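Residue numbers (the numbering used here): -13 to 233. Backbone N, C-alpha and C fix where the C-beta goes; we use that ideal spot for every residue, glycine too. Here the structure is a predicted model, which means the values were calculated and not measured.
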Ligand SMILES: [Zn+2]
């Protein structure tokens, strides 16, 4: 089997070939997840990523659930949970694995990446250099929640995160404080969580799609860095839903 980069991860074996995460719409490709640097239409992807595709780029693709093996262009293709964002997948092509972006710790809106026995591996190593040595995720989350508790005593707080992935993780995290979360209109159109984690946004009236609170002005445009903002406010007493006009 031969692998090279050619507008995507091109896997070839004799006369067979398949391209993974192509940079442009490619019928018959395989797409790992819904971040814009990986997402194109026309390919095979998880049903969750297909939902994200329809919202973020439009177009269509072929749905393939996690763990279901199909034969495609002469290869055996299986998608495995990458633990990166809602619907993200590692792509197994015969005994070769392309991880895409992956996370063995997982998150509130997805499962986690698990080891695979393979003959060949391509890792999407955005932070692969030894200089990148991040603290444990649970420590960062605890620090953020402690900081947020202090800041909320003085009024609403705005948090920034990419509109797909980071924002939903932040919503789930902030919900642990029993805090009502207001999100931008665009963020609330994106799928929130996998089944079993819907309770993470129960403070905002909808089990899957968070809605903005009527109390907090929600920015209508993204900040210059391309991230999206969440506003939070203390919800006294028990968790409650927002009421009044919706945006
Ligand atoms: Zn990604």
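Under the three-state DSSP convention, the category residue i falls into
i           : result
residue 105 : coil
residue 39  : helix
residue 196 : Residue placement at residue 196 is poorly supported in this model, since its pLDDT is 40, which falls under 50; the coordinates are not used for a value here.
residue -8  : coil
residue 91  : coil
residue 166 : strand
residue 57  : strand
residue 221 : Note on residue 221: pLDDT 40, under 50, position unreliable in the model; the coordinate value appears next. Here residue 221 sits in coil by DSSP.
residue 110 : coil
residue 2   : strand
residue 83  : strand
residue -3  : strand
residue 182 : Because residue 182 carries a pLDDT of 36, less than 50, the predicted location of this residue cannot be relied on, and the following value inherits that uncertainty. The answer is coil: DSSP assigns residue 182 none of H, G, I, E or B.
Any non-hydrogen atom of ligand 1 within 7 Å of residue i CB
i          : result
residue 64 : no
residue 71 : yes
residue 67 : no
residue 58 : no
residue 87 : yes
According to DSSP, residues forming a beta bridge with residue i
i          : result
residue 15 : According to DSSP, residue 15 bridges with nothing at all.
residue 66 : 76
residue 31 : 49
- Secondary structure, alpha helix (DSSP H): runs of 4+ residues fully inside the region 122 to 160: 123 to 138
- Meets three-Cβ-pair contact criterion under 8 Å: the region 20 to 39 and the region 100 to 108: no
- the region -9 to 10 in contact with the region 31 to 41 per 3-pair CB rule at 8 Å: no
- Message: Measuring CB atoms only, is the region -2 to 9 touching the region 42 to 50, in the sense that at least three cross pairs come out at less than 8 Å?
- Response: no
- Query: Does the region 123 to 136 come within contact of the region 57 to 75, defined as at least 3 CB pairs closer than 8 Å?
  - Reply: no
- Message: For the structure I just gave you, are there three or more beta carbon pairs, one from the region 139 to 157 and one from the region 108 to 126, closer than 8 Å?
- Response: no
- Message: I want to know whether the region 93 to 100 touches the region 151 to 159 - three or more CB-CB distances under 8 Å.
- Response: yes
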